[in-house]
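Colleague: Residue numbers (our numbering): 53 to 310.
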Ligand SMILES: [Zn+2]
Ligand SMILES: [Zn+2]
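1) When burial is assigned at 16 or more other CB atoms within 10 Å of the CB, is residue 257 buried or exposed?
2) Quick check: does the Cβ of residue 122 come within less than 6 Å of any heavy atom belonging to ligand 2?
3) In the structure shown, what three-state DSSP assignment does residue 59 receive?
4) Comparing alpha-carbon positions, which option in 290, 85, 245, 248 lies nearest residue 155?
5) I'd like to check one pair, residue 105 with residue 152: are the Cβ atoms closer than 7 Å?
6) Between residue 104 and ligand 1, is there a pair consisting of the residue's CB and a ligand heavy atom that are separated by less than 6 Å?
7) Determine, using beta-carbon pairs with one atom in the region 263–270 and one in the region 105–123, whether at least three such pairs fall under 8 Å.
8) With H, G and I counted as helix, E and B as strand and the rest as coil, what does DSSP make of residue 234?
9) Out of 140, 95, 110, 124, state which residue places its alpha-carbon closest to the alpha-carbon of residue 279.
10) Would you report the Cα separation of residue 171 and residue 95, rounded to the nearest angstrom?
11) Roughly how many angstroms lie between the CA atoms of residue 188 and residue 227, to the nearest whole one?
12) Okay, do the region 212–225 and the region 189–203 touch, 3+ Cβ pairs below 8 Å being the bar?
13) Kindly indicate the opening and closing residues of the alpha helix (DSSP H) around residue 151.
14) Consider the C-beta atom of residue 183 and the heavy atoms of ligand 2; say whether any pair is separated by less than 6 Å.
15) Cβ of residue 288 within 7 Å of Cβ of residue 298?
Given below as structure tokens:
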């Protein structure tokens with residue numbers, strides 16, 4: 053009997069960038085997500101903000117995606133991952149979290165600028181092309197339902213759904229849930245952040261079996277210390293996921309991670 057093969061477009065990256073272009077052609081954001089200027093070209097950022105965005109690219113720590121100044125080889129890992137290997141398999145982000153990208157993320161999170169989701173998801177599809185080629189399903193970091201009510205949407209779920217649409221990897225926006233409302237992570241140190249989110253996530257009972265032996269791609273908007281994605285990874289692995297990769301739009305890059 054002929055083996056049933058998953059139809060994987062070849063090469064994947066070409067197909068991804070085509071669909072990215074297709075989606076961004078359809079949904080042109082009218083204003084720059086970072087500064088609010090009217091944009092004439094396609095994409096989320098205007099011509100003056102675009103060069104300010106610090107995209108993260110190789111060489112990177114093969115585990116957490118921390119950017120290296122020099123190329124240390126394909127499997128090189130950073131000092132932090134060496135000291136304490138992360139629970140997730142790999143993590144990547146599109147750009148650095150800094151003044152310019154912070155404005156973009158705040159607008160995306162709080163100002164109904166969900167129109168830029170396809171452009172952002174397109175960038176994530178490129179940064180995480182190898183993760184997406186292997187992923188069985190996409191799961192976003194959830195908001196607690198109380199916060200969801202006040203904010204009206206979960207920016208990570210919107211990114212996950214846009215990515216799923218673009219790549220045909222199924223996305224499950226409510227597979228992970230927050231079992232308790234955690235205070236905002238901002239202003240907390242690394243240890244306090246870990247304590248704050250420890251045990252705050254669970255799998256929705258009726259969906260838990262979807263992740264059994266599956267490779268999960270976890271989506272969030274920003275990775276700061278990694279506390280939130282680690283807590284989610286713990287829940288997914290404890291629930292039987294085969295592996296967890298993490299893809300975020302931005303990540304904080306601290307200078308000292310030798
Ligand atoms: Zn701008
Ligand atoms: Zn690392």
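Glycine included, every Cβ here is placed at the ideal spot set by N, Cα and C.
Modeller: Per the coordinate set shown:
1) Residue 257 should be labelled exposed.
2) Because no heavy atom of ligand 2 lies under 6 Å away, the Cβ of residue 122 does not count as near it: no.
3) Since pLDDT at residue 59 reaches only 44, below the 50 mark, its modelled position is unreliable, and the value read off the structure follows with that caveat. In this structure, residue 59 counts as coil in the three-state DSSP scheme.
4) The shortest C-alpha separation from residue 155 is found at 85.
5) Yes; because the gap between Cβ atoms is below 7 Å, this pair is in contact.
6) no
7) no
8) Coil at residue 234, not helix or strand.
9) For residue 279, the nearest C-alpha among the options comes from 140.
10) 6 Å
11) Taking C-alpha positions only, residue 188 is separated from residue 227 by approximately 14 Å.
12) yes
13) 151–162
14) no
15) no
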